[in-house]
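For what it's worth, our numbering labels the leading residue of the sequence shown as 16, then goes sequentially. Heads up, the thing below is written out as structure tokens.
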Amino acid sequence: MKQAYEDYSLSLEAGRRTNLHIVVRLNVLNALARNAVVMGFAAEGLCHDAFVSPYCQLGPGLWPLSYISSTPSVPSNLQSTDVQRSTPHHPWIDLFPFPRFRDNMIHALSVRSFDEDELCLDMMELDGSLHQLDKKPSVMVWGESWDMRSWEASMV
16 MKQAYEDYSL SLEAGRRTNL HIVVRLNVLN ALARNAVVMG FAAEGLCHDA FVSPYCQLGP
76 GLWPLSYISS TPSVPSNLQS TDVQRSTPHH PWIDLFPFPR FRDNMIHALS VRSFDEDELC
136 LDMMELDGSL HQLDKKPSVM VWGESWDMRS WEASMV
């Protein structure tokens with residue numbers, strides 16, 4: 016991944032062609048990490064499957080308070096919704112700057128309409144052959160991570 020990003024950043028022609036799909040996915044991961052920082056989420060809580068969003072307070076001990084830091088202001092697109100506060104879900108969903116998308120995902124997950132892990136892999140998978148990844152749909156981030164206008168979905 017490091018080599019792909021360096022090749023792309025240095026405008027090496029071979030790196031630009033073969034590694035673009037990897038750089039796009041790395042940008043999405045970077046955007047989600049930036050949103051986590053803005054929201055005061057500690058990285059430790061995002062890497063465990065068992066954690067429940069800190070916005071959902073439906074029981075004690077779901078997210079240790081040490082995993083949430085206070086932030087003076089969270090952009091409106093990242094502020095929690097009623098659905099996020101009332102329905103248990105993994106915190107990675109909270110990182111997208113689309114309130115309706117987050118609510119729809121949480122509703123769909125609650126009725127088991129799709130597999131959350133498969134969706135995550137579809138959006139951000141970096142493993143696999145070059146020929147597979149560059150033919151998959153992806154999400155792209157072109158600007159500020161908290162601004163919904165900076166995000167784009169590609170259908171390839």
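Backbone N, C-alpha and C fix where the C-beta goes; we use that ideal spot for every residue, glycine too. These figures come from a predicted structure and were not determined experimentally.
As the crow flies, the alpha-carbon of Ser91 is around 16 Å from that of Leu47. Under the Cβ criterion (8 Å, minimum of three pairs), the region 162-171 does not count as touching the region 99-109.
Non-local beta-carbon contacts of Glu167 in its own chain, meaning distances under 6 Å to residues more than five positions away in sequence, involve Met155 in chain order.
If you look at Met155, you'll find it in the beta strand (DSSP E) that goes Ser153 to Val156. When C-alpha distances from Phe66 are compared across Leu124, His105 and Asn119, the shortest belongs to His105. C-alpha of His36 to C-alpha of Val43: approximately 11 Å in a straight line.
Rounded to whole angstroms, Ala123 and Asn50 show a C-alpha spacing of 23 Å. In this structure Pro114 touches Thr96 by the C-beta definition: roughly 5 Å separates them, less than 8 Å.
The shortest C-alpha to C-alpha distance from Tyr70 to any of Asp132, Ser169, Leu93 and His63 is the one to Leu93. Distance from the Cα of Gly55 is smallest, within the candidate group Asp64, Val39, Cys62 and Ser88, for Ser88.
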